[in-house]
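Some notes on the structure that comes next.
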Amino acid sequence: MAGGKANQVTKNKRVLQRHQPLQSQIEESEKTSKPIKQRAQKGKRVEEDDAQEVDAALSAKILSAARQQFSEEQDERRKNKPLTPVKPQLMQEDDSDEEEIDEEEYEEVEEVELSEEDAKAFEAFFPKETAKRQTLGDIIMSKMAEAKGEITAEQAQQHIGSQFSPKVVQVYTSVGKLLANYSIGKIPKAFKMIPSLEKWEELLYLTNPDEWTPNAMYQAVRLFSSIMSPEIAQRFYNLILLPAVLSDIEEHKKLNFHYYQALKKCLYKPAAFFKGIMLPLVESGDCQLREATIICSILGKTSVPVLHSSAALLKLAEMDYSPALAMFIGTLLQKKYALPYRVVDAVVNHFLAVTNSNELMPVLWHRAFLTFIQRYRSDLLPEQKQAIHKLIKAQPHEFFTFEVRRELANSVNRGEAPTAATSTAMDI
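Counted from 1, the sequence shown has number 27 at position 27 by full-length UniProt numbering; the numbering is strictly sequential.
Written out as structure tokens, the structure reads:
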């Protein structure tokens, strides 16, 4: 009778272990802060330290789950396809959320034509030596360097690997090899677990994101933009996606279709896009014309909530002029949103900042300035319009200056109702 109960308990444990999600098992192991206590057998003590016990438990759980899931999948498939080889569920590919990409949405961005003078002005804003943009690997290595001094990439890889069991390292290293050759199809379920895990950065590092194909990067962005919080998605965009995009543009002089789609997908979390892609690009001081043109093309074609656009404009208006900055400001202004007066005032002050400049501003600045006047001329205060008249005298242009004067002459002031004459002029 006792033997029957023992067998029943063992059977129940196996059932629970088989059906417990692998993600939950990894999380439980990650959160373990104390050594796993084992029953004393014949007076012997457990000699492994905390880390060894956690690794052993994690390895056992992953192996057990993989075996059980592999067995279940194999039994199910044998009913229909006896000769079909089957992978363990941990590396099993998942098409539960596959998405077809419409290539007609992609439009190759044409190079912006600038005069020789404007091109020189654009280049003049670039520092001779620009700081290297940080990647995920750089962040992880810097964290380790703070604690252990200078380290190599190989040492960083070993350190990351020591935080997980050998089987976990093997699984995510294998996932990385798959993503390095990925073109189309399903994504391993082990990769889809990453956004839900505490040490997601370390697990991503094991997959070697620098070697992912553009197709794999798009799938990763889909995953992070839909599951992760805006704060974590921002880090993913900035540390992994942005360096890959800029490298592709530099190498091919245009952007790969799947990177283009990945950037569009980023805008599903607009705050993460602005903080992880646009603002770092502008703040870097070395944003190239081609890079700014491509990003602005995507931003201009994608709907963005007005509050996020307003916050982004407010942040951009606080920065000193650069060609890339003018392009991003102009793109956001073209959306014709009803901006809060605080944002309108900030943009006015941004343009007025060059009133006393000894250098004439380039076409990119004038283009963004005219766009602002055309869209928000009736949201300006009388004193702001007076200051703008002084500005266009100090910064004249053969075409844009006349257009700015015409727009201001046919507008009302903030808070005033448009007259019949101004309404007709605005419609024109």
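Glycine included, each C-beta is placed from N, C-alpha and C at the ideal position.
- The way I'd put it, the stretch 302-310 doesn't touch the stretch 349-364; fewer than three beta-carbon pairs between them come closer than 8 Å.
- Ranked by Cα distance from SER229, the first of LEU246, TYR182, PRO209 and PHE273 is PHE273.
- Around the beta carbon of ASN238, 16 or more other beta carbons sit within 10 angstroms, so the residue counts as buried.
- THR213 carries a coil assignment under DSSP once its states are collapsed to helix, strand and coil.
- Three or more Cβ pairs closer than 8 Å define a contact, and the stretch 256-272 meets that threshold against the stretch 210-227.
- Rounded to whole angstroms, the Cβ separation of TYR259 and VAL245 is 5 Å, and the two are in contact under 8 Å.
- ASN215 counts as buried, since at least 16 other C-beta atoms from the protein chains shown sit within 10 angstroms of its C-beta.
- Separation of TYR182 and GLU251 (C-alpha to C-alpha, rounded to the nearest whole angstrom) is 20 Å.
- By the Cβ-count criterion, HIS366 is buried, with 16 or more other Cβ atoms from all chains shown falling within 10 Å of its own Cβ.
- If one requires a minimum length of 4 residues, the alpha helix (DSSP H) runs lying completely within the stretch 365-402 are 382-394, in chain order.
- Of the candidates LYS167, LEU197 and LYS189, the residue whose Cα lies closest to the Cα of ILE232 is LEU197.
- With contacts defined as CB atoms closer than 9 Å, GLU211 and ARG235 fail to qualify as a contacting pair.
- In the assembly as shown, GLU359 is an exposed residue. Its beta-carbon has fewer than 16 other beta-carbons within 10 Å.
- ILE227 is positioned such that its CB atom lies no closer than 9 Å to that of LEU204.
- With respect to the 9 Å criterion, SER378 and SER357 are not classified as neighbours on the basis of their beta carbons.
- Under the rule that a run must span 4 or more residues, the alpha helix (DSSP H) segments found entirely inside the stretch 338-366 read 341-352.
- In this structure, the alpha-carbon of ALA394 lies about 13 Å from that of PRO362.
- Around the C-beta of ALA190, 16 or more other C-beta atoms lie within 10 Å, and the residue is accordingly described as buried.
- In this structure, the alpha-carbon of ARG290 lies about 43 Å from that of THR419.
- Distance from LEU332 to PRO280 at the Cβ level is roughly 16 Å; contact not present, criterion being Cβ atoms closer than 8 Å.
- Under the DSSP assignment, GLN170 falls in the alpha helix (DSSP H) whose first and last residues are 166-179.
- With at least 16 other beta carbons inside 10 angstroms of its own, SER284 counts as buried.
- Listed in chain order, the non-local C-beta contacts of ILE373 below 6 Å within the same chain comprise VAL404 and GLU407, local neighbours out to five positions each way being set aside.
- Nearest to PHE328 by alpha-carbon distance, out of PRO166, LEU179 and LYS301, is LYS301.
- Across the set VAL343, ILE187, TYR376 and LEU179, the C-alpha of LEU179 shows the shortest separation from the C-alpha of THR207.
- Straight through space, the alpha carbons of TYR337 and ILE294 are spaced by roughly 22 Å.
- In the DSSP assignment, ASP248 falls within the alpha helix (DSSP H) that extends over 242-252.
- In this structure PRO188 does not touch VAL168 by the C-beta definition: roughly 13 Å separates them, more than the 8 Å allowed.
- For SER310, the enclosing alpha helix (DSSP H) covers residues 306-317.
- Cβ atoms of GLN386 and VAL348 stay farther apart than 8 Å, at about 12 Å.
- Taking all protein chains shown into account, ILE184 has fewer than 16 neighbouring C-beta atoms within 10 Å of its C-beta and is therefore exposed.
- Under the three-state reduction of DSSP, GLY330 is assigned to helix.
- Distances from the CA of PRO305 to each of ASP286, LEU339, LEU325 and GLU416 were compared; the closest alpha carbon is that of LEU339.
- In this structure, MET217 and ALA262 form a Cβ contact; the two beta carbons are roughly 6 Å apart against a cut-off of 8 Å.
- Counting every other CB atom within 10 Å of its CB across the protein chains shown gives LYS177 a total below 16, marking it as exposed.
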